[in-house]
Amino acid sequence: MSKALHPNQLRPGDRVREYRLLRRVGTGGFSLVFLAEHEGSLYAMKIALQPASDATEDHVDGWMRREAASLEHLAHPNLLPVHEMGRWPHPRTGYSFFVTDHIPGDTFHEWRQRVRATPYQWVGVLCEVLCALEALHEHGVCHRDIKADNVLVREGDDRPFLIDFGAVHLPCARPLTEGLAPGTIYCQPPEAIRFLMGKEVLEKGARFEAHPSADLYAVGILLYEALTGCHPFDPKLPLDQLLLAIVTLSPTEPRQHDPEAPSSLAALAMRLLAKDPGRRPPSARAVREELERLRAEEGDTASWRKPSVSLAERVKVGESPERGVREPSRVGHRRKALLALVLGFGLLGLVMWGLLRAEGIPWLNEASHPVEPTAPVPPVPSEQGPQPVQPTQQPTRDPSSPDTSEVPSRTCTVLRAVLGAAIAQLVGCVTTPAVRPDPVGYLDRCPPEARATPKKLGLEAPYVYNADLLGVTLASAEPIEKGGSVNIKPGPIKARMFANYEPEKTLILAGEVVATTRMRVYVQFDRIQLPDGSWLPICGAAASVWEEVYGIPTREGVVYPNSIVDPAKVDHSPGSVVLNDVHLLAVFEPPPGEPRANIGLVDPEARPKINVGQSDEK
37 MSKALHPNQL RPGDRVREYR LLRRVGTGGF SLVFLAEHEG SLYAMKIALQ PASDATEDHV
97 DGWMRREAAS LEHLAHPNLL PVHEMGRWPH PRTGYSFFVT DHIPGDTFHE WRQRVRATPY
157 QWVGVLCEVL CALEALHEHG VCHRDIKADN VLVREGDDRP FLIDFGAVHL PCARPLTEGL
217 APGTIYCQPP EAIRFLMGKE VLEKGARFEA HPSADLYAVG ILLYEALTGC HPFDPKLPLD
277 QLLLAIVTLS PTEPRQHDPE APSSLAALAM RLLAKDPGRR PPSARAVREE LERLRAEEGD
337 TASWRKPSVS LAERVKVGES PERGVREPSR VGHRRKALLA LVLGFGLLGL VMWGLLRAEG
397 IPWLNEASHP VEPTAPVPPV PSEQGPQPVQ PTQQPTRDPS SPDTSEVPSR TCTVLRAVLG
457 AAIAQLVGCV TTPAVRPDPV GYLDRCPPEA RATPKKLGLE APYVYNADLL GVTLASAEPI
517 EKGGSVNIKP GPIKARMFAN YEPEKTLILA GEVVATTRMR VYVQFDRIQL PDGSWLPICG
577 AAASVWEEVY GIPTREGVVY PNSIVDPAKV DHSPGSVVLN DVHLLAVFEP PPGEPRANIG
637 LVDPEARPKI NVGQSDEK
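Written as structure tokens, this is what we have:
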């Protein structure tokens, strides 16, 4: 087996420094986590997916090293100690990694569901998490990504650990991001979403200032989820609706989901989720002390000793099939209509309001202080208890219909600066991918070991081969072979390649979707699997089957004849786009001394110049 050159190529048994990797245990947008062994002890190793770079737009290395530094300088019983940090395989230009204790256990919600934890039990765990958060805040540190998945409860003693400091704010540290820090969108507080409406966001270097009150809002989400088994606002809502709900709607009162939930905890959750940061509790210590007091005073009552969420009767947090905010079953038509109007027109109103504020209209600026909105009062729950409600459905734009309207560039600048291309695309902006596609630069940087692979495999000039994407989801009720379209979004990807092998034997390419725009998808391949199962490094980039250019055309860019889409199956998650089919050209970096195939570069946002009739003939 060839030597690993990229973290995605690391396999069980490989070594990073003196640590032997046992298996991959986690994958994020910027890093991988491995279970590793050294001298008989188990450790967790987190390694970045992008190498160190002098490029100003590259922050992954900085995030990783800041995460390690924050853990290293904030010793606490509920934080993981850092044992080593460095870069691999080269100490100066390699991929940053750090090593912590391995904690066998479950995330907060997994633990609650597995042991059927009572409020008495899980409030005790939250108090320990708040102890760690209290220590962070006392040192001027904000976590900025508190959620159930970032609270790990250890097997045996149920001690929680606050993990994933990738978005951490350190006082006096050099800023790494503009706009909002990387984090989980449904856990963002209302003030973070309102930030994009202010004219200051247009200024170079503008960023949402970290504050402990934002961490406390996220604690409120944890408390709400533990009480109800529901999210305050469903993460599966379309992104524009989710953001609008966070800013304008109050969550359903927890006891309407579960009438037996402790009223004191329900009231605290709603205070933590206040739209105005000034109306939340003043500190993590204040929240911890209130929880400890309530636990001591009410802990022996029935509501504190009964599991707050019955797994047999309620959908799990994070797995709810509905796309709307969960509410009692008998929601009146007027409430549904109002919600539809708010969600349908609210985002446009927010955008226009933000533009007017950005232009400096005085009366709008004077009226911009936060107001605590209240959702319409829902009717009394039915005797059957709270049930999931199907959301108000809005027409889904067929991706085949060209959207020629553009939101003014000033608005797009705001949206991109704060929340990235995903939200900008939702309101019609010509989007700029979060990672600027650079297929030629990627091939130029191809290491010698990967350049030698095409010759080893017997591939022939110009080293361009047909391939089909694997692992994509259908965007149609029809199968791929009958013209069904597919969803694709940034992340790991594989493709089946047809080369000069026996028909029953194919090669598998593996790599990453590095960027998507409304018009094109950019894929880079870094390894190839032989029929015998072994892997070799390779450098390849995806090109259009119908044009001699890099980037696969999206269905919004051009609709192929007989390409079918079912709007209900279209993936609306950030960065996801629809492709007409799974076909692409894999363009490989040739061996040294041989010319690369003549493949062109086009503007990622320009509509593909493909004659539909011509593509059908081909």
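Position 312 of the sequence shown, counted from 1, bears residue number 348 in the working numbering, the numbering being contiguous throughout. Note that beta-carbon positions come from the ideal geometry of N, C-alpha and C, so glycine has one too.
Helix, strand or coil: which one does DSSP assign to PHE201? Start at 1 with the first residue of the sequence shown, and residue 201 comes out as number 165. It is coil, neither helix nor strand.
Determine, using beta-carbon pairs with one atom in the stretch 609 to 621 and one in the stretch 565 to 585, whether at least three such pairs fall under 8 Å. yes
I'd like to confirm the pairing. Which residues does DSSP put opposite ALA81 in its beta bridges? Reading the sequence shown from its first residue, position 45 is the one you call residue 81. According to the sequence displayed, residue 81 carries Met and not Ala. Per DSSP, PHE70, VAL135.
Thinking C-beta only, is ILE564 closer than 9 Å to ILE544? For this step, residue 544 is matched to residue 508 along the sequence shown. For this step, residue 564 is matched to residue 528 along the sequence shown. Against a cut-off of 9 Å, the Cβ pair of ILE564 and ILE544 comes out as a contact.
Starting from CYS575 and walking both ways along the beta strand (DSSP E), at which residues does that stretch end? Against the sequence shown, residue 575 aligns to sequence position 539. From DSSP, the beta strand (DSSP E) with CYS575 extends over 571 to 579.
According to DSSP, which residues form a beta bridge with THR590? For this step, residue 590 is matched to residue 554 along the sequence shown. According to DSSP, which records beta bridges pairwise, THR590 is partnered with nothing at all.
Which residues mark the beginning and the end of the beta strand (DSSP E) in which GLY611 is found? As a working note, residue 611 is residue 575 in the sequence shown. No residue range can be given for GLY611, since it is assigned to no beta strand (DSSP E) and is classified by DSSP as neither H nor E.
In angstroms, rounded to a whole number, what distance separates the CA positions of ILE646 and GLY49? Residue numbering aside, residue 646 sits at position 610 when the sequence shown is read from its first letter. Residue numbering aside, residue 49 sits at position 13 when the sequence shown is read from its first letter. Roughly 47 Å separates the two Cα atoms.
Complete beta strand (DSSP E) runs within the stretch 263 to 315 (minimum length 3 residues, chain order): none
Specify, as a first and last residue, the run of the alpha helix (DSSP H) that ILE229 falls within. For the purposes of this step, residue 229 is taken as the residue at position 193 of the sequence shown. From DSSP, the alpha helix (DSSP H) with ILE229 extends over 226 to 231.
In its own chain, which residues sit with a C-beta less than 7 Å from the C-beta of GLY507, not counting the 5 before and 5 after it? Counting from one through the sequence shown, the residue named residue 507 turns up at place 471. The residues are ILE529, LYS530.
Could you please give the first and the last residue of the uninterrupted beta strand (DSSP E) stretch that includes LEU505? In the sequence shown, the residue the question calls residue 505 occupies position 469. Segment 500 to 506, the beta strand (DSSP E) holding LEU505.
Quick one: Cα of GLU245 to Cα of ARG180, how far? Numbered from 1 along the sequence shown, position 209 holds the residue referred to as residue 245. Numbered from 1 along the sequence shown, position 144 holds the residue referred to as residue 180. Taking the straight line joining both Cα atoms gives about 11 Å.
Given a cut-off of 9 Å, decide if LEU309 and TYR260 are closer than it, judged by their beta-carbon atoms. For the purposes of this step, residue 260 is taken as residue 224 along the sequence shown, with counting starting at 1. For the purposes of this step, residue 309 is taken as residue 273 along the sequence shown, with counting starting at 1. It is a contact, given that the beta carbons lie within the stated cut-off.
Which word fits ASN114, buried or exposed, when buried means at least 16 other C-beta atoms lie within 10 angstroms of its C-beta? Residue 114 sits at position 78 when you count from the first residue of the sequence shown. Classification for ASN114: buried.
Spatially closest choice to CYS482 from LEU58, ALA503, GLN560, SER609, by CA coordinates: For this step, residue 482 is matched to residue 446 along the sequence shown. Distance check between CYS482 and each of LEU58, ALA503, GLN560, SER609 places GLN560 closest, using alpha-carbon atoms only.
Does DSSP put THR154 in a helix, in a strand, or in coil? As a first step, residue 154 is located in the sequence shown; it is residue number 118 there, counting from the start. The answer is coil: DSSP assigns THR154 none of H, G, I, E or B.
Please report the residue range of the beta strand (DSSP E) in which TRP124 lies. Position 88 of the sequence shown, counted from the first residue, corresponds to residue 124. Where TRP124 is concerned, the enclosing beta strand (DSSP E) stretches over 118 to 124.
Rounding to the nearest angstrom, what Cα-Cα distance links ARG322 and VAL159 in this structure? Translated into positions along the sequence shown, residue 322 becomes position 286. Translated into positions along the sequence shown, residue 159 becomes position 123. Here residue 322 turns out to be Ala, not Arg, going by the sequence shown. Whole-angstrom Cα-Cα distance: 14 Å.
State yes or no: is the C-beta of ALA503 within less than 9 Å of the C-beta of PRO626? Numbered from 1 along the sequence shown, position 467 holds the residue referred to as residue 503. Numbered from 1 along the sequence shown, position 590 holds the residue referred to as residue 626. Contact: no.
With 16 other CB atoms within 10 Å as the buried threshold, where does VAL550 fall? Reading the sequence shown from its first residue, position 514 is the one you call residue 550. When all chains shown are included, VAL550 counts as buried.
Taking Cβ to Cβ, would you say ALA302 is nearer than 9 Å to PRO290? As a first step, residue 302 must be located in the sequence shown, where it is residue number 266. As a first step, residue 290 must be located in the sequence shown, where it is residue number 254. Against a cut-off of 9 Å, the Cβ pair of PRO290 and ALA302 comes out as a contact.
Does the beta-carbon distance from TYR55 to ASP137 come in below 9 Å? Position 19 of the sequence shown, counting from 1, holds the residue named residue 55. Position 101 of the sequence shown, counting from 1, holds the residue named residue 137. Contact flag unset, no.
From PRO628 to PRO644, what distance separates their C-alpha atoms? The sequence position of residue 628 within the sequence shown is 592, counting from 1. The sequence position of residue 644 within the sequence shown is 608, counting from 1. Going by the C-alpha atoms only, they are around 32 Å apart.
Are the CB atoms of ILE635 and VAL585 nearer to each other than 9 Å? Numbered from its first residue, the sequence shown carries residue 635 at position 599. Numbered from its first residue, the sequence shown carries residue 585 at position 549. Cβ atoms of ILE635 and VAL585: closer than 9 Å.
Among the candidates HIS293, GLU120, ALA72, GLY130, whose CA atom is the shortest distance from the CA of LEU263? Translated into positions along the sequence shown, residue 263 becomes position 227. For LEU263, the nearest C-alpha among the options comes from HIS293.
Nearest to ALA320 by alpha carbon, out of LEU258, ALA305, GLY265, LEU252? By one-based count along the sequence shown, residue 320 stands at place 284. When each option's Cα is compared against that of ALA320, the closest is LEU252.
Chain B within 9 Å of CYS223, Cβ atoms only: Any reference to chain B falls outside this structure, which holds one protein chain only.
According to DSSP, simplified to helix, strand and coil, what is TYR260? Here residue 260 refers to the residue found at position 224 of the sequence shown. Correct three-state label for TYR260: helix.
Can you check whether the CB of PRO248 is closer than 9 Å to the CB of CYS167? The sequence position of residue 167 within the sequence shown is 131, counting from 1. The sequence position of residue 248 within the sequence shown is 212, counting from 1. Contact flag unset, no.
Out of LEU495, ALA604, GLN277, point me to the one whose CA is closest to GLU630's CA. Looking up residue 630 in the sequence shown gives position 594. Distances from the alpha-carbon of GLU630 to those of LEU495, ALA604, GLN277 put LEU495 closest.
Go ahead and pull the three-state DSSP assignment for MET533. The count along the sequence shown starts at 1 and reaches residue 533 at position 497. DSSP places MET533 in strand when its eight states are reduced to three.
For VAL151 and LEU116, I'd like the C-alpha separation in whole angstroms. In the sequence shown, residue 151 corresponds to position 115, counting from 1. In the sequence shown, residue 116 corresponds to position 80, counting from 1. Computed Cα separation, rounded: 24 Å.
Taking the continuous alpha helix (DSSP H) assigned at THR553, which residues delimit it? Counting from 1 along the sequence shown, the entry for residue 553 is found at position 517. Looking at the DSSP string, THR553 is not in any alpha helix (DSSP H), and its letter there is neither H nor E.
Output the boundary residues of the beta strand (DSSP E) element that contains ARG180. Along the sequence shown, one-based indexing puts residue 180 at 144. Unbroken run through ARG180: none, as it is neither H nor E.
If you draw a straight line from the alpha carbon of ALA84 to that of ILE139, how long is it in whole angstroms? By one-based count along the sequence shown, residue 84 stands at place 48. By one-based count along the sequence shown, residue 139 stands at place 103. Taking the straight line joining both Cα atoms gives about 20 Å.
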